[in-house]
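> Those protein sequences? They're chains U and X, same order as listed.
Just so it is clear: in the first sequence, position 383 is 383 by UniProt numbering, and no numbers are missing.
Just so it is clear: in the second sequence, position 117 is 117 by UniProt numbering, and no numbers are missing.
Don't be surprised by glycine CBs; every beta carbon is placed ideally from N, CA and C.
The structure follows.
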Amino acid sequence: MALTGRAALVAAVGIVVVLLAPEPAFALLGWLLVLAAAITADLVLAGSVRTLRFHRSGDNLVRLGQTGTVELTVENPGPRTVRGVLRDAWPPSAGAAPRELKLDVPAGERRRLVVTLNPTRRGDRASASVTVRSVGPLGLAARQGAHSVPWSVRVLPPFLSRKHLPSRLAKLRELEGQHPALVRGQGTEFDSLREYVVGDDVRSIDWRASARRHDVVVRTWRPERDRRVLIVLDTGRTSAGRVGAAPVPLTGDTGRAPLESLAPTDQARPVPGWPRLDWSMDAALLLAALAARAGDRVDFLAYDRAVRAWVSGASRTELLTALVNAMAPIEAELIEADSPGMVANILSRAKRRCLVVLLTDLNASALDEGLMPVLPQLSSRHLVLVAGVSDPAVADMAGRKDTAEEVYDAAAAEYTRIERRRITARLRRHGVEVVDAAPEDIAPALADAYLALKAAGRL
Amino acid sequence: MSVSTSPTTGSLWRAGRFWIVLGALVAVTAIIGVALAPGAREARRLDPADTSLEGSKALAELLRKRGVTVDRVDSIEAALAKGEGRLLLVTHTAYFDWQQLDQLAQLQGDRVIVGGLDGLGVLAPTITPESESARVRSREPECDLPAARAAGSAYLGGELFRGANGCYPGEKGSALVQAPGEGGTVTVLGDGTFMTNQYLAEDGNAALALNLLGTKPAVTWLVRPDQPPTGSLAGPGGKSLGELMPATVPWAVLAACLAVLVTAYWRGRRLGPVVAEKLPVVVRAAETVEGRGRLYRARRARERAAAVLRAGTIDRLTPRVGLAPGAGQHEVVAAVAVRTGQDAHQVGGALYGPPPADDAGLVALARYLEFIERIVREH
Numbered sequence: 001m002a003l004t005g006r007a008a009l010v011a012a013v014g015i016v017v018v019l020l021a022p023e024p025a026f027a028l029l030g031w032l033l034v035l036a037a038a039i040t041a042d043l044v045l046a047g048s049v050r051t052l053r054f055h056r057s058g059d060n061l062v063r064l065g066q067t068g069t070v071e072l073t074v075e076n077p078g079p080r081t082v083r084g085v086l087r088d089a090w091p092p093s094a095g096a097a098p099r100e101l102k103l104d105v106p107a108g109e110r111r112r113l114v115v116t117l118n119p120t121r122r123g124d125r126a127s128a129s130v131t132v133r134s135v136g137p138l139g140l141a142a143r144q145g146a147h148s149v150p151w152s153v154r155v156l157p158p159f160l161s162r163k164h165l166p167s168r169l170a171k172l173r174e175l176e177g178q179h180p181a182l183v184r185g186q187g188t189e190f191d192s193l194r195e196y197v198v199g200d201d202v203r204s205i206d207w208r209a210s211a212r213r214h215d216v217v218v219r220t221w222r223p224e225r226d227r228r229v230l231i232v233l234d235t236g237r238t239s240a241g242r243v244g245a246a247p248v249p250l251t252g253d254t255g256r257a258p259l260e261s262l263a264p265t266d267q268a269r270p271v272p273g274w275p276r277l278d279w280s281m282d283a284a285l286l287l288a289a290l291a292a293r294a295g296d297r298v299d300f301l302a303y304d305r306a307v308r309a310w311v312s313g314a315s316r317t318e319l320l321t322a323l324v325n326a327m328a329p330i331e332a333e334l335i336e337a338d339s340p341g342m343v344a345n346i347l348s349r350a351k352r353r354c355l356v357v358l359l360t361d362l363n364a365s366a367l368d369e370g371l372m373p374v375l376p377q378l379s380s381r382h383l384v385l386v387a388g389v390s391d392p393a394v395a396d397m398a399g400r401k402d403t404a405e406e407v408y409d410a411a412a413a414e415y416t417r418i419e420r421r422r423i424t425a426r427l428r429r430h431g432v433e434v435v436d437a438a439p440e441d442i443a444p445a446l447a448d449a450y451l452a453l454k455a456a457g458r459l
Numbered sequence: 001m002s003v004s005t006s007p008t009t010g011s012l013w014r015a016g017r018f019w020i021v022l023g024a025l026v027a028v029t030a031i032i033g034v035a036l037a038p039g040a041r042e043a044r045r046l047d048p049a050d051t052s053l054e055g056s057k058a059l060a061e062l063l064r065k066r067g068v069t070v071d072r073v074d075s076i077e078a079a080l081a082k083g084e085g086r087l088l089l090v091t092h093t094a095y096f097d098w099q100q101l102d103q104l105a106q107l108q109g110d111r112v113i114v115g116g117l118d119g120l121g122v123l124a125p126t127i128t129p130e131s132e133s134a135r136v137r138s139r140e141p142e143c144d145l146p147a148a149r150a151a152g153s154a155y156l157g158g159e160l161f162r163g164a165n166g167c168y169p170g171e172k173g174s175a176l177v178q179a180p181g182e183g184g185t186v187t188v189l190g191d192g193t194f195m196t197n198q199y200l201a202e203d204g205n206a207a208l209a210l211n212l213l214g215t216k217p218a219v220t221w222l223v224r225p226d227q228p229p230t231g232s233l234a235g236p237g238g239k240s241l242g243e244l245m246p247a248t249v250p251w252a253v254l255a256a257c258l259a260v261l262v263t264a265y266w267r268g269r270r271l272g273p274v275v276a277e278k279l280p281v282v283v284r285a286a287e288t289v290e291g292r293g294r295l296y297r298a299r300r301a302r303e304r305a306a307a308v309l310r311a312g313t314i315d316r317l318t319p320r321v322g323l324a325p326g327a328g329q330h331e332v333v334a335a336v337a338v339r340t341g342q343d344a345h346q347v348g349g350a351l352y353g354p355p356p357a358d359d360a361g362l363v364a365l366a367r368y369l370e371f372i373e374r375i376v377r378e379h
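Next comes the structure, spelled out in structure tokens:
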């Protein structure tokens, strides 16, 4: 049951009536009885909410930053019209609009309502319930009831680095020999024999085959195919830190200033950007798309202290779909990542030699205690590439040296950068490839590193 | 497909019947308790008819047992009507105005006045009050007054007075003063707590009270008059506030309460549940770096800051001037000086010199390092 503003107005008019009445006690009692009777009549005559039937259809998958729609069909099998408002209750970060929908379903008919979702966060969002308030003919009172109409929408990572894919595919095609200047080198394997045409490199003529065929035959080469790439996403505490500027605003990205007492300077704080995790996912998606086109097999593992996601053996066409689906619900866990466990997991899952791309933060203290002791186990069997998203805010701090305060901050930023350079140098001494780039550049930088490895035949 | 999740009347009753029954039991018990309990009355301090802790019925009974007639009166007229030759006990002088107290002062006989400075000049002109008061506690008589000496220590204090016979002294003046008046002795007490039912049995309280009040065969006990509630007090026109108000107003107030209830229910009823969700943490990755900067700042760690800035510059300069990492100090200084055209001594001082003495020196060092780096980068 619910009352309307009209009922409150009627009750307020009662004050004046009682004030002016010759017999106030009876006037009050009478007014009370009239109001109660009208409300009861309204409740009895309102359309039944309990018997309503709902059906849903619409989007199950929405990319972050895009808008999805969910349709809700309301069927009224009861004898009376259901008129009033309906609320489809979604979590706030699903961005459901409008909050309340007008409803007018005559007896025995059905109406379709549309809720648009503009999600502000990755992950699964489910509708909590559908609540209907059915107002009676007098408009004084309403029946209210809730229905559970389950529907969930998976919000996928936006894969903004798609825009870099065409240029990297062009580079890949150059490698693959659709380019005329094809020479044998490391990282290529024998493809086929074909007749010599003018312009071919004479060094690639296969004299033995030419002798058999009475024609000049050249060997063609192509880059190695069917290599394995294992993308490992570190979802531990270091991946929660926000860097850069968010291309798609995420929930919680309010540019609000911190408490006065915590801010010794009155400079405006930068708006927190995307978590490192989201940038890493973006880079992983570009790498996966590229590697799949290059004919390599891509597996994906997300790990902190347990396996958060594992995608293996997806076909070339289904790989990206499988990856975005696996990535969608992953959130950064506020726990220290368990590097020995991660390495043990990688070793048990990757039997053959493969390229292990580890997307983590190049944080000296975290890597010193976690990854460095167990890195030799990994790098002895696999080719390891560590990719870390650097923080542009630190570079910005290191560059500002106008006042003494800023110089102290610059020194702190410089310290962080020195530590980062040292850990990078140590990783390289272990034979590990390192990609360290700003948030916007990490995806193309990682793709370029992959292409360089492929061109060098190190996969 | 949808499922209704609203509770039905039956399920509401099944879920809530225990609490409904419990609530009803509590309500019934409370109603019975209130109906059987004696009507709660306001405690009337030092009233001979009051049996509460604040009252003085015990003292009145003791006096009656000793053959003293105790007459409780609550107005000046009644006190005057009792006649002269009796002991007059006034417990609350503040409730009477000057004219009434003047009439009372005409009454011949002994007087005992408890607490209160109002009307003291009329009722006991020979006794003057002191400006200070004392804490009410057990005190020794320390005087020659037979009534006090016989009683011993008593629970006295409050207002202090100066007069002929002072007993139970505080720092300045006494809590009990007896002086001869026009028609009999006048006794003034700083506080009447020792005569209440609560304290009468302690110390020599009962003895002191009986000695003071039992001197005459009859006591006129003047208590404070009953105060009618403020709303029914008559105004200058002879009508109280309640009589001036139209009869419909209280009912309209009731109707307004009803309207407020309806409005509250209208605004308070939520359309559907509050949906909660687990939000990710929002923490900027640069916060640790900023924290370190604040630590440097707070401790004025110039030495440390300068060392870090120099290490960063040397790290970046070494490969640019064509040296291997880990090159010696002299090689680096010489190579950088040649490349930049700066004085080798100055470059050496900037890259390897002593830490700056003050913040201005630190800023200058940071700028000079940046300057060297820029030249090396651009040439």
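Rounded to the nearest angstrom, how far is the Cβ of residue 122(U) from that of residue 328(U), given a contact under 8 Å?
Indeed, because the Cβ distance is near 5 Å, the residues count as touching under 8 Å.
> So residue 155(X) is in the beta strand (DSSP E); what residue range does that whole segment cover?
Its beta strand (DSSP E) spans residues 154-162.
> The beta strand (DSSP E) spanning residue 393(U) covers which residue range?
Note, residue 393(U): premise wrong, no beta strand (DSSP E); alpha helix (DSSP H) at 392-399.
> Closer than 8 Å, CB to CB, is residue 373(X) near chain U or not?
No - not a single Cβ of chain U is within 8 Å of the one on residue 373(X).
> Along chain X, in chain order, which residues have C-beta atoms closer than 8 Å to that of residue 90(U)?
Residues of chain X passing the Cβ test: 275.
> Give me, in chain order, the residues of the same chain whose beta-carbon lies closer than 6 Å to that of residue 312(U); leave out the 5 immediate sequence neighbours on both sides.
299, listed in sequence order.
> Which residues mark the beginning and the end of the alpha helix (DSSP H) in which residue 367(X) is found?
First-last of the alpha helix (DSSP H) with residue 367(X): 359-378.
> Are residue 156(X) and residue 139(X) touching if we call contact CB-CB under 8 Å?
A contact, by the Cβ cut-off of 8 Å.
> Got a sec? Which residues, its chain only, sit under 7 Å from residue 428(U) by beta carbon, not counting five neighbours each side?
The residues are 434.
> So, does the CB of residue 381(X) fall closer than 8 Å to a CB anywhere in chain U?
Only positions 1 to 379 of chain X appear in this structure, which leaves residue 381(X) out of reach.
> Can you tell me whether DSSP reads residue 441(U) as helix, strand or coil?
Three-state DSSP puts residue 441(U) in coil, outside helix and strand.
> Less than 8 Å between the C-beta atoms of residue 147(U) and residue 5(X), yes or no?
In contact: residue 147(U) and residue 5(X) (Cβ atoms closer than 8 Å).
> Just to confirm, are residue 81(U) and residue 58(U) a CB contact at a threshold of 8 Å?
It is not a contact, given that the beta carbons lie outside the stated cut-off.
> Taking Cβ-Cβ distances shorter than 8 Å, what residues in chain X pair up with residue 401(U)?
Under the 8 Å cutoff, chain X gives 363, 366, 367, 370.
> Assign residue 20(X) to one of two classes, buried (16 or more other C-beta atoms within 10 Å of its C-beta) or exposed (fewer than that).
Exposed, since its Cβ has fewer than 16 Cβ neighbours within 10 Å.
> Which ranges would you report for the alpha helix (DSSP H) in the segment 278-306 of chain X if only whole runs of at least 4 residues count?
Runs found: 287-299.
> Check each candidate in 422(U), 156(U), 369(U) and name the one with the smallest Cα separation from residue 311(X).
Ranking 422(U), 156(U), 369(U) by Cα distance to residue 311(X) puts 422(U) first.
> Measuring CA to CA, which of 239(X), 370(X), 253(X) is closest to residue 13(U)?
Per the Cα distances, 253(X).
> Mind checking if residue 372(U) is an interface residue toward chain X, Cβ cutoff 8 Å exclusive?
For residue 372(U), the answer is no, since every Cβ of chain X falls outside 8 Å of its Cβ.
> Taking buried to mean at least 16 other C-beta atoms within 10 Å of its own C-beta, is residue 164(U) buried or exposed?
Result: buried.
> In or out: residue 10(X) buried (at least 16 other Cβ within 10 Å) or exposed?
Looking at its Cβ environment, which holds fewer than 16 other Cβ atoms inside 10 Å, residue 10(X) is exposed.
> When the distance is taken between beta carbons, is residue 131(U) closer than 8 Å to residue 87(U)?
Taking 8 Å as the Cβ cut-off, residue 87(U) and residue 131(U) qualify as a contacting pair.
> Taking just the CA atoms, how far does residue 363(U) sit from residue 373(U)?
Cα to Cα, the separation comes out at about 15 Å.
> Which residue or residues does DSSP assign as beta-bridge partners of residue 102(U)?
Answer is 85(U), bridged to residue 102(U).
> Please confirm if residue 369(U) has its CB atom under 8 Å from at least one CB of chain X.
Not one chain X Cβ lies under 8 Å of residue 369(U).
> Where do the N-terminal and C-terminal ends of the alpha helix (DSSP H) with residue 321(U) fall, by residue?
Its alpha helix (DSSP H) spans residues 319-327.
> Please compile the residues from chain X whose C-beta is within a distance smaller than 7 Å of the C-beta of residue 416(U).
The answer, in chain order, is 289.
> Using 8 Å as the threshold, is the C-beta distance between residue 72(X) and residue 221(X) below it?
Against a cut-off of 8 Å, the Cβ pair of residue 221(X) and residue 72(X) comes out as a contact.
> Identify, in the order they occur along the chain, each residue of the same chain with its Cβ nearer than 7 Å to the Cβ of residue 150(X), setting aside the five sequence neighbours on each side.
207, 211.
> What are the residues of the segment 138-160 of chain U that lie near chain X, defined by any Cβ-Cβ distance shorter than 8 Å?
Listed by position along the chain: 144, 145, 146, 147, 148, 149.
> Chain X partners of residue 327(U), CB-CB under 8 Å?
Simply none; closest approach about 14 Å.
> Report buried or exposed for residue 205(X), applying the criterion of at least 16 other Cβ atoms within 10 angstroms of its Cβ.
Per the 10 Å Cβ criterion, buried.
> Measuring alpha carbon to alpha carbon, tell me which of 378(X), 306(X), 267(X), 45(X) ends up nearest residue 352(X).
Of 378(X), 306(X), 267(X), 45(X), the residue nearest in Cα terms is 306(X).
> Once the 5 residues before and after residue 344(X) are set aside, which same chain residues still bring their CB inside 8 Å of it?
Excluding residues within five positions, the ones whose Cβ falls inside 8 Å are 333, 334, 337.
> Whose Cβ in chain X lies nearer than 9 Å to the Cβ of residue 394(U)?
Chain X residues near residue 394(U): 285, 286, 289.
> Counting only beta-carbon atoms, is residue 292(X) nearer than 8 Å to chain U?
Yes, because at least one Cβ of chain U sits closer than 8 Å to the Cβ of residue 292(X).
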